[in-house]
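Chains as they are written, first to last, in this note's numbering: chain A, 1 to 259; chain B, 260 to 559.
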């Protein structure tokens with residue numbers, strides 16, 4: 001029975017739309033600023049290293065760098081979207097407007113994660129577009145690019161939901177971001193191929209799921225990668241499923257949301 | 260067969276560690292009632308509302324809204340319920356109309372503009388429909404909270420201290436609107452610290468103390484059982500009045516006499532006359548819910 005023409009999908013669609021609308025209303029901050037940051041990275045690193053380093057044989061360093069920057073920006077902003085939305089709603093108290101309606105745990109999770117993926121894709125697309133005037137970047141396997149972009153965004157979106165629910169103040173969220181997300185991203189091969197690392201650090205990189213996200217994503221551009229793209233896809237898929245399961249379990253229990 | 264309760268609460272307990280916020284609470288609120296939930300701070304009113312609304316989970320017991328369990332059938336239960344929260348919370352990213360459209364969507368209503376306009380009109384919010392929430396006064400924000408609770412036309416509306424910190428004019432406007440909703444068939448549950456409001460509006464009242472119901476009855480019955488009429492007199496010879504049980508007010512030379520039945524007034528006036536105390540001025544006071552409240556909170 002549905003009252004007053006209520007439709008089951010509308011709740012999910014509205015929450016998704018609201019989450020996208022929320023970041024779009026402040027798009028200078030949520031899209032423009034990260035694109036500018038990535039552009040600055042690109043200008044500085046390309047100026048310093050482009051003539052000195054090549055990767056995978058003959059790929060110029062700047063060309064190698066751009067997919068990493070695109071993915072890094074995508075991941076960080078996917079995390080920022082869900083985590084900042086949830087913690088702001090919790091601290092200001094307006095989370096109640098999402099908790100009172102008949103929105104299921106799955107719809108709640110899916111809306112926040114899909115909105116995170118959308119913001120990540122916007123930022124990633126922005127970084128890719130602004131890099132085009134500087135380099136000639138191939139994209140030999142576009143489907144791999146898309147798959148890793150969506151899965152990476154979904155993983156970080158899920159981590160953002162977990163952090164946003166767990167954190168009770170901005171300080172805790174900042175710790176999550178600075179002491180977990182940032183190191184895992186920066187040490188994942190964004191700026192280098194792990195083959196340039198000593199064996200110990202190569203081994204360490206292999207337990208960093210962010211490495212597989214970026215390596216698989218880069219494979220879509222160059223058709224070459226540090227490890228098999230299928231291995232990366234497997235690791236990233238398992239990571240996503242684990243995080244989705246953890247996040248859904250938190251939502252079902254009402255952890256820190258429904259007292 | 261009698262109609263199912265709009266709200267059916269059975270043996271609900273809610274514990275936070277050692278704190279028993281609610282303890283074995285049971286009550287029914289019938290469809291169309293204007294029901295008051297009263298009690299001092301920390302009595303458990305907001306906790307009970309949170310459990311009803313699914314914002315908190317009971318440690319034990321069950322709650323149904325219009326026959327739907329708030330746990331196992333939460334989607335239907337939540338569609339039946341509109342909650343006006345106590346805190347003045349809002350989303351600073353959106354305008355009033357955007358917020359109401361979003362809230363409609365959360366409840367599964369994609370096209371609801373006609374009803375949104377009607378609510379905005381009733382709450383005098385139409386001129387502010389396109390204003391950002393941050394630009395509104397506290398009273399306006401309070402009205403938007405009411406509008407958000409009504410956007411999906413819930414048959415049961417819970418108002419958690421909706422007039423706290425609200426000026427007199429807005430308070431009267433809000434109550435007119437809530438009364439109209441009640442006349443239209445909505446079940447209203449109200450918590451408030453303004454007891455004269457509860458007395459004027461609520462047909463039935465539950466009083467909570469330390470998470471338990473200490474009184475549950477119609478407002479009239481509670482007043483009959485626990486409150487007294489009062490007679491204020493200014494006498495030509497106040498000492499006689501004091502000797503007959505009158506309590507002197509601090510200023511103005513008034514004496515106050517309490518009594519249970521109107522017939523006692525006649526007896527008192529006769530005894531004053533016989534003692535030679537003439538009545539210079541007289542006012543008659545109705546029983547007040549505040550007396551009931553004080554009596555129950557001190558002795559229950």
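In this text, a Cβ means the ideal position worked out from N, Cα and C, and glycines have one as well. On a predicted model such as this, the values are computed, not experimentally measured, just so you know.
For residue 541 of chain B, name the three-state secondary structure that DSSP assigns. DSSP places residue 541 of chain B in strand when its eight states are reduced to three.
Drop a sphere of 10 angstroms on the beta-carbon of residue 192 of chain A, count the other beta-carbons inside from all chains shown, and report buried for 16 or more, exposed for fewer. buried
Identity of the residues DSSP links to residue 273 of chain B by a beta bridge: B:281
Of all Cβ atoms in chain B, is any one closer than 8 Å to the Cβ of residue 259 of chain A? yes
Counting along the chain, where does the alpha helix (DSSP H) carrying residue 356 of chain B start and finish? 355 to 365
Quick check on this structure: which residue in B:498, B:473 and B:265 has the alpha carbon closest to the alpha carbon of residue 535 of chain B? B:498
Looking at the C-beta of residue 307 of chain B, does it have a partner C-beta in chain A at a distance below 8 Å? no
Measuring CA to CA, which of B:395, B:332, B:470 and B:331 is closest to residue 356 of chain B? B:395
For chain A, is any of its Cβ atoms less than 8 Å away from the one on residue 453 of chain B? no
Taking residue 297 of chain B as the reference, give the member of B:502, B:409 and B:464 with the closest Cα. Selected option, being the one with the closest Cα: B:464.
Contact between the segment 361 to 380 of chain B and the segment 394 to 411 of chain B: three or more CB pairs below 8 Å? yes
Considering only DSSP beta bridges, list what residue 468 of chain B is partnered with. B:471
Continuous alpha helix (DSSP H) stretch holding residue 262 of chain A: start and end: As shown, chain A starts at 1 and ends at 259. That puts residue 262 of chain A outside it, with no answer to give.
8 Å CB neighbourhood of residue 248 of chain A in its chain, flanking five on each side removed: 105, 106 and 109
Check whether chain B comes within 8 Å of residue 2 of chain A, counting only Cβ atoms and requiring the distance to be less than that. With a pLDDT of 44 at residue 2 of chain A, under the threshold of 50, the modelled position of this residue cannot be trusted; read the value that follows with caution. Chain B contact via Cβ: present.
Which chain B residues are close to residue 92 of chain A, counting only those with a beta carbon under 7 Å from its beta carbon? 348
DSSP bridge partner residues for residue 446 of chain B (one or two, in chain order): B:415
Does the Cβ of residue 393 of chain B have 16 or more other Cβ atoms within 10 Å, making it buried, or fewer, making it exposed? exposed
Test: residue 96 of chain A CB closer than 8 Å to a CB of chain B: yes
Does the beta-carbon distance from residue 32 of chain A to residue 83 of chain A come in below 8 Å? With contacts defined by Cβ atoms closer than 8 Å, residue 32 of chain A and residue 83 of chain A do not form a contacting pair.
Buried or exposed: residue 26 of chain A, going by 16 or more other Cβ atoms within 10 Å of its Cβ? So residue 26 of chain A counts as exposed.
When burial is assigned at 16 or more other CB atoms within 10 Å of the CB, is residue 115 of chain A buried or exposed? By the neighbour-count rule (16 or more Cβ atoms within 10 Å), residue 115 of chain A is buried.
Interface residues of chain B facing residue 25 of chain A [CB-CB closer than 9 Å]: By Cβ distance, chain B contributes 352 and 353.
Per-residue burial, residue 219 of chain A [other beta carbons within 10 Å of its own, 16 or more giving buried]: buried
Under 7 Å, CB to CB, which of the residues in the segment 364 to 378 of chain B have a partner in chain A? 364, 365, 366, 367, 368 and 369
Buried or exposed (CB count within 10 angstroms, at least 16 for buried), residue 76 of chain A: Looking at its Cβ environment, which holds 16 or more other Cβ atoms inside 10 Å, residue 76 of chain A is buried.
Just how far apart, CA to CA, sit residue 99 of chain A and residue 313 of chain B? 8 Å
Cutting at 7 Å between CB atoms, please list the residues of its own chain near residue 291 of chain B, excluding the five before and the five after it. 444 and 446
In chain order, what residues of the same chain have a beta carbon less than 6 Å from the beta carbon of residue 211 of chain A, not counting five sequence neighbours either side? Excluding residues within five positions, the ones whose Cβ falls inside 6 Å are 188, 189 and 205.
Just the C-alpha distance for residue 280 of chain B and residue 459 of chain B, rounded to the nearest angstrom, thanks. Straight-line Cα distance between these residues: approximately 28 Å.
Taking 8 Å as the cut-off, does the segment 298 to 309 of chain B touch the segment 328 to 338 of chain B (at least 3 CB pairs, one atom from each stretch)? No, the segment 328 to 338 of chain B does not touch the segment 298 to 309 of chain B.
When the Cβ atoms of the segment 131 to 142 of chain A are set against those of the segment 218 to 233 of chain A, are three or more pairs found closer than 8 Å? Touching, yes.
Alpha carbon to alpha carbon, how far is residue 554 of chain B from residue 467 of chain B? Distance between residue 554 of chain B and residue 467 of chain B, taken at the CA atoms: about 13 Å.
Classify residue 305 of chain B: buried if its beta carbon has 16 or more other beta carbons within 10 angstroms, exposed otherwise. buried
Chain-ordered neighbours of residue 459 of chain B on chain A, where CB pairs are closer than 8 Å: Going along chain A, no residue has its Cβ under 8 Å from residue 459 of chain B, so there is no contact; the nearest lies around 28 Å.
Touching or not, the segment 477 to 493 of chain B and the segment 513 to 524 of chain B, by the rule of three or more beta carbon pairs under 8 Å? Contact check between the segment 477 to 493 of chain B and the segment 513 to 524 of chain B: three or more CB pairs, one atom from each, fall below 8 Å, which counts as touching.
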